[in-house]
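Residue numbers (our numbering): 1 to 207. Structure, as structure tokens:
Right, dumping it as structure tokens:
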């Protein structure tokens, strides 16, 4: 299966899970915005190698068969940092326990991705400031950092997917490729900018 087709199938399954999430007071507005969801999820997936995408598609398909909502699990795990009292009171017992090996691979991935995010914050400061803060120390009940979002998402992947993704980002790092830059570049182009530099310049002028 070609990469674009893999990504399309992944986004379809993710959207179905995302659209089914329930919040107090009903659905959030972002759950009625498939265009933005597609831009964000496509931009993340485009930096992945095909074997990792295939493994993640298997994760999603298996979860669907077993009535697991990986998007629910992702957001629940984020609340360990953003709303710890609710996480420990209501959510922790509903989530799969992560094995030490899984936790170690997650830590390895997080370390590299946060380095990439720091590099981007130096090179494109105005653009990066428009997004999430980088570190979990900046979390609050209403703000979720890149680190916390990343940890929550990685915790929903199978060990096989994690290892393939880790292999992918290790290769990118060895080639001096910033995987987060690939993602951000895809986002800004889908919003009409020609480059990260152009987006950063225009945002700086408007701020």
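All C-beta atoms, glycine included, are put in the ideal place defined by N, C-alpha and C. These numbers come from a predicted model, not from an experiment.
(message) Going residue by residue through the segment 70-120, where are the continuous alpha helix (DSSP H) segments of at least 4 residues, counting only ones entirely within it?
(response) 70-82
(request) May I ask which residues mark the beginning and end of the alpha helix (DSSP H) holding residue 34? (result) 34-45
(message) Tell me which residue opens and which closes the alpha helix (DSSP H) that residue 151 is part of.
(response) 146-154
(request) Buried or exposed for residue 20, please, with buried defined as at least 16 other CB atoms from any protein chain shown within 10 angstroms of its CB. (result) exposed
(message) In this structure, how does DSSP classify residue 214 when only helix, strand and coil are distinguished?
(response) There is no way to answer for residue 214, as the model of the chain reaches only from 1 to 207.
(message) Between 180, 156, 39, which has its C-alpha nearest residue 123's C-alpha?
(response) 180
(request) Within the same chain, show all residues whose beta-carbon is closer than 8 angstroms to that of residue 193, passing over the 5 residues directly before and after it, in chain order. (result) 199, 202
(message) Taking 6 angstroms as the limit between beta carbons, can you name the residues of its chain near residue 106, skipping five residues before and five after?
(response) 154
(message) Tell me whether the segment 45-59 and the segment 148-163 touch, counting them as touching only if at least three CB pairs, one residue from each stretch, are closer than 8 angstroms.
(response) yes
(request) For residue 171, name the three-state secondary structure that DSSP assigns. (result) helix
(request) Determine the direct distance from the alpha carbon of residue 68 to that of residue 86, and round the result to whole angstroms. (result) 21 angstroms
(request) Give the single residue among 166, 146, 89 whose Cα lies nearest to the Cα of residue 49. (result) 166
(message) Could you check whether the segment 168-187 touches the segment 72-89, counting it as contact only if at least three pairs of C-beta atoms, one from each stretch, sit closer than 8 angstroms?
(response) no
(request) Give me the Cα-Cα distance between residue 109 and residue 206, rounded to the nearest whole angstrom. (result) 34 angstroms
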